[in-house]
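*Asks:* Here our numbering is used: the first residue of the sequence shown is 3, the next is one more, and so on.
Structure incoming, see below.
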Amino acid sequence: MSPGQWAACGLTGVVIAASLVGYAGYRDALAVQTEDINTDAWGDRPAQVDGIHNILLLATDERAGEDAEYSVANGIRPDVLVLVNIDVDKGGVTMVNMPRDLMVTMPGCDPVEDKPGITAGTVDQLNHAMFYGGMDCQGKTIENITGVHLEHMVLVDFAGFQAIVDSIGGIDMCIPEPLQDPKAKLDLPAGEQTLDGTQALALARSRDTTENGSDLDRIKRQQQMIGAILRKVTTGEVMTSPATLYDFFGSVTDSMTTDSEFSVDEMAELAIAMRGVDLGRMNMVTVPVEDYNDAKVQLMEPQASELFAAVAAGEATRPEEEEKPEEAAEEAPEESVSPSDVSVYIVNNQGTQGLAGQVEPLLSGLGFTVTGSGNPTTRAPQQTTVYHAPGEQAQAQAVADALVSGAQIEEAADLSGSVELVMGTDWQGVALEGSEGGGESGGESADDPLAGLSGTSADQAVDCG
Numbered sequence: 003m004s005p006g007q008w009a010a011c012g013l014t015g016v017v018i019a020a021s022l023v024g025y026a027g028y029r030d031a032l033a034v035q036t037e038d039i040n041t042d043a044w045g046d047r048p049a050q051v052d053g054i055h056n057i058l059l060l061a062t063d064e065r066a067g068e069d070a071e072y073s074v075a076n077g078i079r080p081d082v083l084v085l086v087n088i089d090v091d092k093g094g095v096t097m098v099n100m101p102r103d104l105m106v107t108m109p110g111c112d113p114v115e116d117k118p119g120i121t122a123g124t125v126d127q128l129n130h131a132m133f134y135g136g137m138d139c140q141g142k143t144i145e146n147i148t149g150v151h152l153e154h155m156v157l158v159d160f161a162g163f164q165a166i167v168d169s170i171g172g173i174d175m176c177i178p179e180p181l182q183d184p185k186a187k188l189d190l191p192a193g194e195q196t197l198d199g200t201q202a203l204a205l206a207r208s209r210d211t212t213e214n215g216s217d218l219d220r221i222k223r224q225q226q227m228i229g230a231i232l233r234k235v236t237t238g239e240v241m242t243s244p245a246t247l248y249d250f251f252g253s254v255t256d257s258m259t260t261d262s263e264f265s266v267d268e269m270a271e272l273a274i275a276m277r278g279v280d281l282g283r284m285n286m287v288t289v290p291v292e293d294y295n296d297a298k299v300q301l302m303e304p305q306a307s308e309l310f311a312a313v314a315a316g317e318a319t320r321p322e323e324e325e326k327p328e329e330a331a332e333e334a335p336e337e338s339v340s341p342s343d344v345s346v347y348i349v350n351n352q353g354t355q356g357l358a359g360q361v362e363p364l365l366s367g368l369g370f371t372v373t374g375s376g377n378p379t380t381r382a383p384q385q386t387t388v389y390h391a392p393g394e395q396a397q398a399q400a401v402a403d404a405l406v407s408g409a410q411i412e413e414a415a416d417l418s419g420s421v422e423l424v425m426g427t428d429w430q431g432v433a434l435e436g437s438e439g440g441g442e443s444g445g446e447s448a449d450d451p452l453a454g455l456s457g458t459s460a461d462q463a464v465d466c467g
């Protein structure tokens with residue numbers, strides 16, 4: 003694995019940060035390379051929605067130096083693919099990560115220059131579209147499988163990743179436990195720390211230190227790093243220091259290519275429109291997937307189509323929280339407990355491999371203490387159920403309330419110290435912070451297009467506890 007392959011974690015966030023916080027005074031720094039994209043040849047395209055800007059962000063695994071021959075032999079393929087949905091009217095951003103090893107049906111791309119092209123109907127890995135027909139084919143493929151109108155495309159390579167992180171003075175991260183990966187040259191102690199460019203690159207490229215060594219685990223780490231970069235750029239000293247801001251933009255654009263229609267003026271207009279967006283309105287989610295074969299994945303339906311439909315229609319931005327009346331707080335049951343007072347063990351009886359690993363950070367992000375996860379041993383109900391020790395029904399109810407469709411609650415005499423969440427075949431996910439779970443209707447989460455999806459928002463730091 004090359005250093006560049008995993009550097010997408012930071013670069014994804016950096017490019018988004020540049021587009022959201024830049025302004026006209028720094029246009030000279032945005033001397034980006036461009037590539038011609040012939041969207042007229044894509045055929046019938048999805049409708050474009052007023053006020054919505056959909057940008058396909060690609061981060062490539064292009065290699066340099068001693069590894070340059072790999073790119074020559076295998077072609078340049080994006081390691082990270084993110085559909086960025088910017089809603090100017092609602093003031094929100096939704097970033098949809100799609101795994102690089104997602105198996106899809108290709109729309110067909112003609113040979114161009116040194117690209118061989120691909121026949122329509124061929125089933126292949128999503129990021130191989132770049133090899134077959136460059137950015138043009140990759141964009142056409144994404145638009146075809148999502149039904150989302152792409153306005154622009156941004157391609158990033160990884161040569162300047164260390165310089166990008168160093169240009170903003172490093173990124174603040176919490177490393178829950180010591181991480182060591184000799185292959186990635188990673189050696190980090192546990193605790194809150196500021197990572198310099200070299201350390202951030204090592205963390206971004208490390209596969210062995212993720213929970214299951216899967217693409218989905220890497221995406222979770224990518225999203226955490228995106229949030230760290232966005233927080234540093236928008237809330238730190240970067241915005242108040244002209245020299246630092248200029249260096250930052252310069253390091254970003256040194257390794258960025260856009261479609262030829264994405265002008266600097268248009269970038270500036272978009273940046274000005276979104277300059278005041280709150281970090282809590284920048285949400286990152288992973289498209290729902292399930293196992294395919296040979297460590298590949300495929301879209302999980304109907305969940306994936308529902309997410310893409312919301313993006314295509316301009317309905318992906320999570321609604322703003324409404325201020326609740328004071329009397330509502332007074333009516334809260336006396337027996338309710340805080341998530342921080344609840345320890346939960348996660349059991350996966352839903353059938354999707356790696357699902358417990360996706361759910362763990364979501365519950366942790368809501369404040370619960372996750373003690374571990376595994377497959378069914380003692381209890382394996384078909385319906386999602388939270389088991390609790392005698393006298394700890396309130397703890398179980400707190401977990402059930404955090405789920406999109408709630409859960410059965412049952413007492414288990416053998417439990418002590420933590421509740422046990424068993425995900426069944428009716429599992430619909432965790433209600434992310436700002437939405438309500440519980441009950442068959444999912445509460446207010448029915449109005450939240452991102453409810454239950456694996457992901458986070460840019461304002462959620464990784465907590466060391």
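A virtual CB, placed ideally from N, CA and C, is assigned to each residue, including glycine.
(1) When DSSP labels each residue in this structure, what does V361 get in the three-state scheme?
(2) Below 7 Å between beta carbons: does that hold for D89 and I54?
(3) In three-state DSSP terms, what is T369?
(4) From which residue to which residue does the alpha helix (DSSP H) around S110 run?
(5) What residues match up with D261 in a beta bridge as DSSP calls it?
(6) Considering only the alpha carbon of each residue, which of L364, R381 and T143 lies closest to D219?
(7) Closest by CA to A400, which one among I120, L368, V313 and T288?
(8) Counting pairs of Cβ atoms below 8 Å between the region 220-227 and the region 128-145, do you hit three or more?
(9) On the criterion of 16 or more Cβ atoms from any shown chain inside 10 Å, does L452 qualify as buried, or is it exposed?
(10) Within a Cβ cutoff of 7 Å, which residues of the same chain sit near Q462, ignoring the five residues on either side of it in sequence?
(11) Look up K117 in the DSSP assignment and give the residues it is bridged to.
(12) For the alpha helix (DSSP H) containing V313, list its first residue and its last residue.
(13) If you pair each beta-carbon of the region 106-113 with each one of the region 80-95, do three or more pairs fall below 8 Å?
(14) Cα-Cα, which of V287, P180 and P184 is closest to L190?
(15) If you run the structure through DSSP and keep just helix, strand and coil, what is T458?
(16) Check each candidate in L281, D116, E292 and Q397 and name the one with the smallest Cα separation from P304.
(17) Once DSSP output is grouped into helix, strand and coil, what is the label at A61?
(18) Would you check if the distance between the CB atom of A415 and the CB atom of G408 is smaller than 7 Å?
(19) Are the beta-carbon atoms belonging to V406 and G454 less than 7 Å from one another?
(20) Give me the Cα-Cα distance between V346 and V313, rounded to the nearest whole angstrom.
(21) Entirely within the region 169-211 and at least 4 residues each: give me those alpha helix (DSSP H) ranges in chain order.
*Replies:* From the atom records:
(1) If DSSP states are grouped into helix, strand and coil, V361 belongs with the helices.
(2) Taking 7 Å as the Cβ cut-off, D89 and I54 qualify as a contacting pair.
(3) Strictly speaking, residue 369 in this sequence is Gly, with Thr absent from that position. Coil at G369, not helix or strand.
(4) The residue asked about is misnamed: residue 110 is Gly in this sequence, not Ser. No alpha helix (DSSP H) holds G110; DSSP gives it neither H nor E.
(5) Note: D261 sits in a beta bridge opposite E37.
(6) Ranking the options by Cα distance to D219, first place goes to L364.
(7) The candidate whose alpha carbon is nearest that of A400 is L368.
(8) Judged by pairs of C-beta atoms under 8 Å, the region 220-227 does not touch the region 128-145, as fewer than three such pairs exist.
(9) Classification of L452: buried, given that the 10 Å Cβ count is 16 or more.
(10) Same-chain partners within the cutoff: G229 and G367.
(11) Bridge partners of K117 according to DSSP: V114.
(12) Residues Q305 to A314.
(13) The region 106-113, when compared against the region 80-95, does not touch it at the 8 Å Cβ threshold.
(14) When only C-alpha atoms are compared, the closest one is P180.
(15) Correct three-state label for T458: strand.
(16) For the residues L281, D116, E292 and Q397, the minimum Cα distance to P304 belongs to E292.
(17) In this structure, A61 counts as strand in the three-state DSSP scheme.
(18) Cβ atoms of A415 and G408: not closer than 7 Å.
(19) In contact: V406 and G454 (Cβ atoms closer than 7 Å).
(20) When the Cα atoms are used, V346 and V313 turn out to be separated by approximately 33 Å.
(21) You should have 199-207.
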